[in-house]
Every structure is written in C-alpha cells, then in structure tokens.
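Asks: Those protein sequences? They're chains A and B, same order as listed. If you're matching positions, the first sequence starts at 953 in the working numbering and goes up one per residue. If you're matching positions, the second sequence starts at 30 in the working numbering and goes up one per residue. Just so you know, even glycine gets a beta-carbon here, dropped at the ideal spot from N, CA and C.
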Amino acid sequence: MLFHTWTFALFFLVFYPVYLAIKGTRLRTPWLLLASYVFYGWWNPLYLLLIVWSTSVDYFAVIGMSRSRRRAPWLVASLVNNLGLLGFFKYGEFVAGNVNSLLIWLGLPYEVPMPDVLLPVGISFYVFQSMSYTIDFYRGNVDREPSFVRYATFVSLFPQLVAGPIERAKNLLPQLQREPRIAMADVADGLSLFVVGLFKKVALADYLALYVDPIYGSPGEHQAPALALATFAFAWQIYFDFSGYTDMARGVGRIMGIRLMLNFNNPYLATGLGDFWRRWHISLSSWFRDYVYIPLGGSRRGTRNTYRNICLTMLVSGLWHGAAWTFVVWGALHALGYSATRTLELSSFYRNRVPALAKQAGTFLFVTLTWVFFRAESLSDAWLILTRIAEFGWADPACPLLLLALIAAVWIYQYVHESRAGWILRPAPVRIGLVAAMLLYVSLFAASSDQAFIYFQF
Amino acid sequence: MHKPVPAESDRPTVGGEPEAPFSSNAVRLSPGEWMVALLLTGLAIHLIPAAWRRAEPLEAGADYRVPYRLSNDYWLAARYFGEACARDKALVLGDSVVWGHYVGTAGTLSHYLNEAWGEDRFANLGIDGIHPVALAGLVEHYGGAISGRDVILHGNFLWMSSKRHDLQVTKEFTFNHPSLVPQFWPRIPCYRESLSGRLGIVVGRAVPFLGWTKHVEIAYFDNADLARWTIAHPYANPGARITFALPSPDEPPSPEPVAKPWTERGIRRFSPDWVALETSLQWRSLRRTIEILRRRGNRVFVVIGPFNEHMLTDASLAVYRQRKQEAETWLRDRGVPCTIPAVLPSEVYADASHPLSEGYRLLAQRLADDEAFRAFTGMRGQ
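1. Spatial neighbours of A:L998 within its chain, please: C-beta separation below 7 Å, excluding the five flanking residues on both sides.
2. Please list the terminal residues of the continuous beta strand (DSSP E) segment that includes B:D179.
3. How would you label A:M1266, buried or exposed, when you count the other beta carbons within 10 angstroms and need 16 or more for buried?
4. Spell out a yes or no on whether the segment 1347 to 1355 of chain A and the segment 1173 to 1187 of chain A are touching, meaning 3 or more CB-CB pairs, one atom from each, closer than 8 Å.
5. Okay, do the segment 1004 to 1018 of chain A and the segment 1097 to 1115 of chain A touch, 3+ Cβ pairs below 8 Å being the bar?
6. Which whole-angstrom value is the C-beta distance of B:A113 and B:L122, which I expect to be below 8 Å?
7. Flag A:Y1302 as yes if its beta-carbon sits less than 8 Å from any beta-carbon of chain B, otherwise no.
8. Under the rule that 16 or more other beta-carbon atoms within 10 Å means buried, what is A:A1399, buried or exposed?
9. Alpha carbon to alpha carbon, how far is A:N1215 from A:A1115?
10. For the segment 60 to 73 of chain B, which residues have a CB atom closer than 7 Å to at least one CB atom of chain A, in sequence order?
11. Let me know if A:G1274 comes out buried or exposed under the rule of 16 or more other beta-carbons within 10 Å of its beta-carbon.
12. Between the Cα of B:R178 and those of B:D399, B:I319, B:S345, B:V348, spot the shortest distance and give me the residue it belongs to.
13. Would you say A:Y1159 lies against chain B (beta-carbon separation less than 8 Å)?
14. Tell me which residues share the same chain as A:D1242 and place their Cβ nearer than 7 Å to its Cβ, disregarding the 5 neighbours each side in the sequence.
15. Would you please state the rounded distance, in angstroms, between the beta carbons of A:S1235 and A:I1075? I believe it to be under 8 Å.
16. Could you give the distance in angstroms between the alpha-carbon of B:P215 and the alpha-carbon of B:L72?
17. Which value, in whole angstroms, describes the spacing of the CA atoms of B:G166 and B:G173?
18. Provide the residue span of the beta strand (DSSP E) that contains B:R328, from first to last.
19. Suppose you measure from the CA of A:L1143 to the CA of A:G1203; what does that come to, to the nearest Å?
20. Would you mind giving the Cβ-Cβ distance between B:V304 and B:Q197, rounded to the nearest angstrom? I have them listed as a contact below 8 Å.
21. So is A:H1273 in contact with chain B if we call contact Cβ pairs under 8 Å?
22. Contact criterion: CB-CB distance below 8 Å. Does A:I1118 meet it with respect to chain B?
23. What residue does the beta strand (DSSP E) around B:L120 start on, and which one ends it?
24. Can you check the segment 82 to 160 of chain B for any alpha helix (DSSP H) of at least 4 residues that lies completely inside it and give the ranges in chain order?
25. For chain B, check one thing: does any of its Cβ atoms lie closer than 8 Å to the Cβ of A:V1395?
26. Considering Cα atoms alone, identify which of B:Q354, B:T137, B:L396 is closest to B:V332.
27. If we define contact as Cβ-Cβ less than 8 Å, is A:P1132 a contact residue for chain B?
28. State the start and end residues of the unbroken alpha helix (DSSP H) segment that holds A:H1273.
29. If you run the structure through DSSP and keep just helix, strand and coil, what is A:Y1062?
30. Using a Cβ cut-off of 7 Å, which residues of the segment 998 to 1017 of chain A contact any Cβ in chain B, in chain order?
31. If we define contact as Cβ-Cβ less than 8 Å, is B:F238 a contact residue for chain A?
32. Could you check what DSSP says for B:Y378 in three-state terms: helix, strand or coil?
33. Identify the continuous alpha helix (DSSP H) that holds B:Q351 and give its terminal residues.
34. Can you name the residues of chain B whose CB is closer than 7 Å to the CB of A:C1351?
35. Any Cβ of chain B within less than 8 Å of the Cβ of A:P969?
36. For B:V56, which residues in chain A fall below 7 Å Cβ to Cβ?
As structure tokens, this is what we get:
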C-alpha cells in the first residue's frame, strides 16, 4: 500500500476515526498493530510471518537478557536471527551467484543452488529498527518493553514501516506508551508534511523517472548529454522519491500524534561529504554511526583506524542498499571521497575561504557521479555510462525543459530557505500560495502512476 | 561523523522531550492557514472548469457528435449532453452505430432523422466504442443533464454475441471505456484494475475537475499527462498546445474505416455464440440505462438493431430472432415503447451492426414510418 494511492486514502479513512475514538483506551495499541499488519500484509500476507518472527525473537531475546546474568548470548541470538534473515532474503542470491562464478573460475564442477525467494518489502528497515532495540537494551540505553503488542507495534508502525525513518526505541516506544495528544496544529503540521512529500513523489520523482528509466535501461543507445542529464536527473529523482516518502510518513505520524525523526535536510546544499551524510537518510547514517562506526572504535584510536572505520562503515552502508557489486562500489567511492576530503573539510581554509556555492557544487558533483553506480543495472553499465560521459560524444539529449526548470525551482527554493533571504519564504501568503500551487499541480499535471518508491527495494 | 543537524525547531520540547525538527523547508501551515489554502484550492478547482467552458467554444450544430478523438472525454460528453438538452432536442443515445463509425456527420442516423422530420430535432449522443455496460455508467455519472427529455436509446445485439463481448470471460482483456463500467458490483470477471485504480475512477466521477484535467489531456496533449507529453516533446511549449479549438466531429476514426459494404471487404458469414438475455451483463446494463433515464423523468424509446442478419448462419439467425423476441417482450411488458426495425439490405451494411450512409437513410425512413416511433416523437403523417 503506497501513501500516494487511493487505497491508502481509504485505509486511513477507516483507520483514523477509530484511532481518534479509542486513543485514550487500551485498544489503541492493538488497533495500531492491526492497522500496521493490514498495511504491510497488503503487499503479500506471507510477509507478516517474517515480521512476526523477527519481532518475537527480539522481544524474547530482551526478556532473556533481563532475566539472565549473561546478556551476550541473547544479543548474539538476536543479531544472528536478524542478520540471518537479511542475509538469506536479501543477500542469498548475491552470495550464491558470486560463489558460483568463483567455482566456475576455479574450474570446480559444483553449483550452489540459487535461493528462489521474494525479497520482503522494507525488511532492511524493520530489521534494523528491531535490532537497535536489543542492542540498546544490552547497552542499558532503553528499558524493556513489557507488552508484546506494543513492541510489535514499534517494529511495524505503518507510517515508517517500509522505508523509514528507522526509529529508535528510545524515541518511539515512549510515544506508543502514552496517549497521543493530537491538537489541530498537529493535524495541520501533518498535512503540511504530507503535501510536500506528495508533491515531491508524484510531481517530481515520478516525472524524473520517465526521463531516467529509459536511458539507464539501455545506456549503450545514448551519448554523453543524455547520460549526464539522466544522471543529474536521477540524483534529484532519488532525493525527491525517498525524502518525499519520509515526508509523507512523518506527516501521517504527526496526524496520529507520533513524532518521527527528520530524515533529510536539504542534502544537495551540503558543503562536503561529511555534511552530506549528516543531511541524507539521517536515520540510517546515525544508525551506522551508533551501531557500526562507534563500536569499531570511531575516531578514538588514531587516524589510521578512524579512516579504516569510516571506510568499513561506508562499505557496509553501500551493501545495505542492495545486494550487488554496484552498491559496494558506490559505498567504496563515498568511503574514498570522504576519507580524502575529511581533513580538508575540517580545515579553516575550506570552511572560511572557499565560497559556499563552490563547496556545494563540488559535493553535488561527486555525489551525482557516484549515483551512476547506484542506479546502473551492472558495473559494466556504470562504466559504460561514465566513459560515454567522458568522451563528450554529442547527440540530442531530448531532456524536457520543464523538468530542468522544476529542478532549478526546487534548488533555488532550498538555497533561499537556508540563506539569509529565507525570510522571503516565511510570510503566510507565500506558504499558503505554495501549498495551494502544489495541490493544484499534483491534481493537474502529475504523471498518473502508482509507481513504487525506490527505497522499497532495500 | 554522522551527527544529524536539525534544520529548524519551532517547538523545542514536547512533554519535556526534545522535539524532532519539523522539516527542511518552510512549508508549514497553521490550521487557519490550511483553511485558507483549501478554500483557495477549492475555488480554483471549482472555477477553472467553469472558466474553461467560456474560453473553449463547443459549436454543437445540428449534426454534432462527440469527436472520435474525444471518445473517452466524459467531461466533454457531459458538457455536450447539457447543451443538447438546453436546446430541447430529442436525444439519440447509443454506441458507434448511433455515432456513425463509417460515416461523416451528414451520414448518421440523427442526420437522416432530422431530414425526415424536416427540422433540427434529433441530437447525436452516440459515443464511438461504447457498449451498454459503459453507456449505463456514462448516463449515470455524466448524464445528469439528461432529464425530462425524449431519449431514443439504441440497443446493439452485437454486445451479446459472445461471452467476450458480454464481458463474461474470466481472462483479462482490454475493452473500451473501462472507467465507465461498475468498479465493484456487479463484478466483471475480465476487468482486473487495482483497488487503487478503481477508487480513483470512482473519485474521478464525482469530481468534475478531474474529468476536466482528462479533457485537457485528451483534447490537447495526445491523451497523455503533461509529464509524459513533455518527455515525448522535450522542447515544445505546452502552453502553445492549448488552442481552445476542439477537433472536428467529422474527423474520421483512426485507423480510418473502409466505408464499403461488408461483402466487398472480405468479411464472411459467422455464427455468434449468443449469450442468453437473462445472464447477459450487457442486456442488464441496457435495462439499467432505461431505468436511470426514466427515473430522471425522461421518456425513453428503444430501437434494437437492425443487426446485419445477412452475416449470420441459419442456425445463428434462429437464435438471434429468439433473443430479439425476448427483448421486445421484456420491453413491452414494462411499458417501454420500442421498435425492432426489419433488417436492411445487405449492401448497406459495413459490418455486423454498422450501416453505411444509405443504411442510415433507410433506417431513419423506417423509423419515420413506424407507428410507435411516430407516436413517441409526436410526428405527424407526411
């Protein structure tokens, strides 16, 4: 069930009045859980078996930890279970394929059977969310949640279930424990977030996809201008798609009286790669910081180890996004880029002397080039795209001017918003005009599609 | 590394806990501001289609019909229905037989009826490609203007000539006007639209603005939304496409049909697997159309066929005649005036159900001679 479909509208119209009516009673959490499972099971009811299993194991692992002197085995059980699920469903085919390639290369007459399984939507998100609870409990950062139903609701809460933000138990569980206070301002805020997200997804991301998909589908048929523009367009498509989803998720949460964390903060205005990762998919970046980077030693054990930890974290982050070498290379490029520029970013020269626009342009250029690996179907496609772009061969890119104008308008909006001239955007008539314009634009001109969100596949 | 930087936080704490930053943009409205924004949007949604009607002339002259290219443009159809009703015309409602698939506007049934009556009396409300199930939807959802009128409803038995025509097969296939058919009940087994798509269609029927956006797409953007149109025409100015000039009703269908007798087109006799009337969805829908029209205070006269009986094998012809008889009985039992004109000469048919221009002339003449039809239309003897 996608936020921008009529099915979701109907689902929410049924869910919300009941939720409002029972939010002060003990029925609130079971109702939330039921709604979340209906929302998730809408894709495929079999997915529910997996999420219930994952939830149960972590719930009982924490009970085990709380009742046992030796906590570590319970944590290991939780980690093995979660990573095992992720490994089997997400990486099984990737691993088997690579093992088979190696066996062929070695001339060994054996073939590992390919696991023929469906990747459950959003598994990377809820597994990480559930895993953070057991780790945080192990570290003593959160209390044990006594109610299984509430814990299951925490793992499966439908606004953020399939594509984040990846919430922490410390933020979300207390909100589920108390009666939500829903003022008119919350509904207004939720609607504001939802409309912006809807506009990003329906009017922008899906429009950009119409240009990007055919070009990346057959890169060999295109020359430098089309490939460069498609890469540029994809950089914005993935931003609008993913941040649009999280805006809508946060909006729906807000309407329900639940505050979900900010996940994107104008990442293409970042002035360096470190800054970029503080603005892009913040919930995942902070997850890797807290559960991978810091446990590896963070920046506490000297420069060499710091860079090693950065690189390992980035590589794991790349692999989290997808079971393919393209994602590994994407992560590796970010690791290299960040390692190479980290000292520079911290220097006073870079911070004070280099114009902000130049820093933003450089960061954007690097991030956009790495998206080639993220979006390409294979490493050979990615290489072909990059070499074609470098060769400067000419052919009409056939890129709609309206598409470029929309990107420019959004960039200017974000730039003004973060600049000293941001006050221009604050007066009520401007904000009201923007909302009305977005609503009209979505109904008038948006590509009529039920396209799924890019990040669902992760 | 990776320390989130809050963009802005208008409310620093919630229940003593740090508040999540609201967003990375300034689009945040208070409840009052939302009311204003919704009011503005609502006004725009209400006013734009109304203003458009003024800007875009619909020159619905004597022989006007909904242009072929706009066959799926139900907003325009509703507009045309309203204009035809406002001019106090008798409305000839039906599928491509009424529309005139093989003929220009001066060769249609309504044209020859007007000629026979000697006045501009009949309006062609046929829609190319529509079938009774969709026609019932068109009348129900877009034909609100048709009330208190004389309606001549054409019934075409072609739609009952097989389970497939009757939309009763279980295998999914693409049929015309899916957004006019019932979305939930009665269930159409070959129609597999997603729940979201069905809900969208139901909402679209209730919001004229959405119908208007489809009108703009169909009339000016090659039936594509703006996004897809700009992909196909990257450097063109979409604004320049809005000419406020609708296609001509004389524009032929695409591909252009060969207006020759069926015998010259290599079409063979056939033996349809007629669906029984009591189980036919199309027949039930025709009955529903009659009910809707009558409920709205219209007088309804039904014309069945004439189907091209020359194309039928003997065995099939016998079944067809039985169906015809059953239909007539049903209509007469319920007090619905009707006629089933005798089959036209073979050479005036272009296919199984569409007459050529001469066929329409003959049919109009037969109707003019039909006592029940004359009584219905108040036509005096000539």
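Replies: Quick answer:
1. none
2. 179 to 184
3. buried
4. yes
5. Cβ pair count under 8 Å is three or more, so yes.
6. Wrong, their Cβ atoms sit about 10 Å apart, outside the cutoff.
7. no
8. Residue placement at A:A1399 cannot be trusted, given a pLDDT of 45 that sits under 50; the coordinates are not used to answer.
9. 11 Å
10. From the segment 60 to 73 of chain B, only P60, E62, W63, V65, A66, L69, T70, A73 have a Cβ closer than 7 Å to chain A.
11. buried
12. Closest option to B:R178, Cα to Cα, is B:I319.
13. yes
14. None.
15. At roughly 16 Å, the Cβ-Cβ gap does not stay under 8 Å, so A:S1235 and A:I1075 are not in contact.
16. 36 Å
17. The straight-line gap from Cα to Cα measures roughly 11 Å.
18. Taken as a continuous stretch (DSSP letters only), the beta strand (DSSP E) holding B:R328 covers 328 to 333.
19. 6 Å
20. 7 Å
21. Put simply, the CB of A:H1273 is far from chain B, with every gap to its CB atoms at 8 Å or more.
22. no
23. 119 to 122
24. 103 to 115, 125 to 128, 138 to 146
25. Note that residue 1395 of chain A is Ser in the sequence shown here, rather than Val. True, the Cβ-Cβ gap to chain B drops below 8 Å.
26. B:L396
27. no
28. DSSP places A:H1273 in the uninterrupted alpha helix (DSSP H) bounded by 1254 to 1273.
29. coil
30. none
31. yes
32. DSSP places B:Y378 in strand when its eight states are reduced to three.
33. Note, B:Q351: alpha helix (DSSP H), 343 to 362.
34. P263
35. no
36. S1144, V1148, R1383, L1386, V1387
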